[in-house]
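For the sequence shown, counting from 1, position 206 maps to 312 in this note's numbering; every step adds exactly one. Input: a single structure, listed below in structure tokens.
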Amino acid sequence: MREHCIVLQDMRMTNQDHRKRSFLQKIFSSREVIVTRSSGDPFNSSPERRTGSALEALFSNHLTSRMPNQQTAEEPFRIFVATWNVGGKSPHSGLNLDDILQVHNQADIYVLGFQEIVPLNAGNVLVAEDSEPAAKWLALINQSLNRSYTVGSKASKPFASLGNPLPFQRPSLRKVCKSFRTESVRRLKTCNCSHVMDRKNNKDSCLWCPQTNLGDDGLSSEEEEDGLNGCGSSDIVANGDNHLRYSLIVGKQMVGIFLTVWMKKELVQYVSHLKVSYISRGIMGCLGNKGCISVSMSFHQTTFCFICSHLASGEKEGDELRRNLDVIEILKNTQFPRTCKSPYSNLPERIIQHDRIIWLGDLNYRIALNYSETRKLLERNDWNALFDKDQLKIEREKGKVFKGWKEGKIYFAPTYKYSWNSDIYSGETVDSKNKRRTPAWCDRILWHGNGMQQMSYVRKEYRFSDHRPVCATFLVDVETVEGASRRASSAYHI
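So this is what it looks like as structure tokens:
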């Protein structure tokens, strides 16, 4: 009997030792993951930062790990992205965006970025930006995405939703944004994990985070008071949800830069932690005529970041270095505020920390050839030889910018600079060499992260401005929790 008790005691000690070793292994494995992630960010690699991250890992493993019965799966979603420099022109009601948005494909998410939606004059840059063009672009986008769901769509007037403001009064971008949102978007919270699924099953659940109300653009009331929000107002009654197929998630303007994200209305309930950041890189490095708007959000269990930028212009030798610096400063200085009150949340605060990232805009990189040499290659449609001289390609291959990012193969002609309302590059219609611009692929879309497949990368033939719009479609894997509401994604029908 005594020998039997000794054997049982030895077995208990062995099991305790095993549990201790497993616990220590879990601690140090978590520490390694956090330190590696931190050290991968060149702007957050200080010893204090790594130590703090390691300490957080000791506790956050308990708070954010999945429950034993929780299983996840990756589900593909289709994301459509477009960028267009519209040359300071306000759109007219007859402008049809169906072809640009490729509405027949019905993406799950639309990410649309514009540059120069207003003229970059002193009044817009230094005084107060004009939000009327942004409101008109939203109305046109809404008309294309929700056309078949709108009563009397054939005779619809896209700008009717802007109302009839008094003379000299501009339509409110806030009010326009709200009219294109479903009720689900208006209920978004700063931290709404419990709306996505039960807290105990959510790996990013914020156990200590109160359900702080957001403004109509997904920002907290404190941020609204700081003037950071561009959309949303409580004094307008939104259209009924029944005729909206797509809902506006966010619409943001910084002088001429405008970024808007739309989503199928049945998917809005899976969006959380919506945040916006602005970086000005214009005159003296601090004005908003150049720079970027970045949107961070969680969709199901995957974090996304969308960046719309307008970088430094110029085709003189060395101007590409200014553009490189713009990218470096944007990556370095863009920071998303902590909206979760828990100090142990794993939500990204920097661009590069997100799972899936898409960067779009007028990056302004030119072709490292003179005008005559460029024109000869254009006449032969020799895109490969021309692209070998593309500044962005050259700078990326040198490792000076966008290291680790990807861009699809370019099979289309340079998108800049065209004469107004024509298919002729402006260099062919001007006599002065000072006014002549060498054609270039200024308008680009890049991405970063695993689980992303680019399905198309094209330009569209719209003569509205001196740039041609560029579009891309992605098939993106998103981590979802099995048991949560699922839907038949259009991604399955490619």
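In this text, a Cβ means the ideal position worked out from N, Cα and C, and glycines have one as well.
- CA-CA distance, proline 454 to asparagine 556, rounds to 16 Å.
- Using a Cβ distance threshold of 7 Å, glutamate 513 and leucine 469 do not count as a contacting pair.
- Assigned with DSSP and collapsed to three states, asparagine 252 falls in coil, not helix or strand.
- If you draw a straight line from the Cα of glutamine 249 to the Cα of aspartate 205, it is about 13 Å long.
- For glycine 467, the closest C-alpha among the options Ile516, Leu393, Cys398 and Pro264 is that of Cys398.
- Boundaries of the beta strand (DSSP E) around threonine 579: 576-587.
- The beta carbons of asparagine 227 and arginine 351 sit no closer together than 7 Å.
- Excluding five sequence positions before and after glutamate 423, none of the CB atoms of its chain fall closer than 8 Å to its own CB.
- Taking a C-beta distance under 7 Å as the contact criterion, serine 383 and threonine 440 qualify as a contact pair.
- According to the DSSP assignment, serine 402 belongs to the beta strand (DSSP E) that extends over 397-405.
- Annotation for asparagine 439: the continuous alpha helix (DSSP H) segment containing it runs 425-439.
- Of the residues assessed, leucine 232 falls on the exposed side of the cut-off, its CB having fewer than 16 other CB atoms within 10 angstroms.
- A straight-line Cα-Cα distance of about 6 Å links leucine 437 and isoleucine 457.
- Put simply, the backbone Cα of threonine 366 is about 16 Å away from that of valine 576.
- Proximity of the segment 469-481 to the segment 561-577 falls short of the contact definition, fewer than three beta-carbon pairs being nearer than 8 Å.
- For the pair of segments examined, the segment 498-505 was found not to touch the segment 522-532: the number of CB pairs separated by less than 8 Å stays below three.
- In terms of Cα proximity to leucine 417, the closest of Asp583, Gly391, Ile355 and Arg574 is Gly391.
- A straight line joining the alpha-carbon of arginine 542 with that of threonine 480 spans about 13 Å.
- As DSSP reads the structure, glutamate 180 sits in a beta bridge with Glu585.
- Shortest Cα-Cα distance from glutamate 585 to any of Arg428, Asp432 and Tyr376 involves Tyr376.
- Taken through DSSP and simplified to helix, strand or coil, glycine 219 comes out as strand.
- For threonine 480, the secondary structure class from DSSP, reduced to helix, strand or coil, is helix.
- For glutamine 559, the enclosing beta strand (DSSP E) has its first and last residue at 558-565.
- At a Cβ-Cβ threshold of 7 Å, cysteine 283 and glycine 362 do not count as neighbours.
- Cβ-Cβ distances below 6 Å link lysine 509 to nothing in the same chain once the five nearest sequence neighbours on each side are left out.
- Judged by DSSP in its simplified three-state form, glutamine 208 adopts coil rather than helix or strand.
- Per DSSP, the continuous beta strand (DSSP E) segment holding tryptophan 553 begins and ends at 549-554.
- By the Cβ-count criterion, serine 562 is exposed, with fewer than 16 other Cβ atoms from all chains shown falling within 10 Å of its own Cβ.
- Pairing serine 196 with proline 264 gives a Cβ-Cβ distance that is not under 7 Å.
- In its chain, beyond the 5 residues on either side, Asp572 have a beta carbon closer than 7 Å to the beta carbon of tryptophan 526.
- A direct Cα-to-Cα measurement between tryptophan 465 and serine 415 gives close to 8 Å.
- Histidine 349 and glutamate 181 have their alpha carbons spaced roughly 27 Å apart.
- In this structure, the alpha-carbon of histidine 460 lies about 42 Å from that of lysine 482.
- Arginine 462: member of the beta strand (DSSP E) spanning 462-468, first to last residue.
- Shortest Cα-Cα distance from threonine 521 to any of Leu244, Thr544, Phe186 and Val224 involves Thr544.
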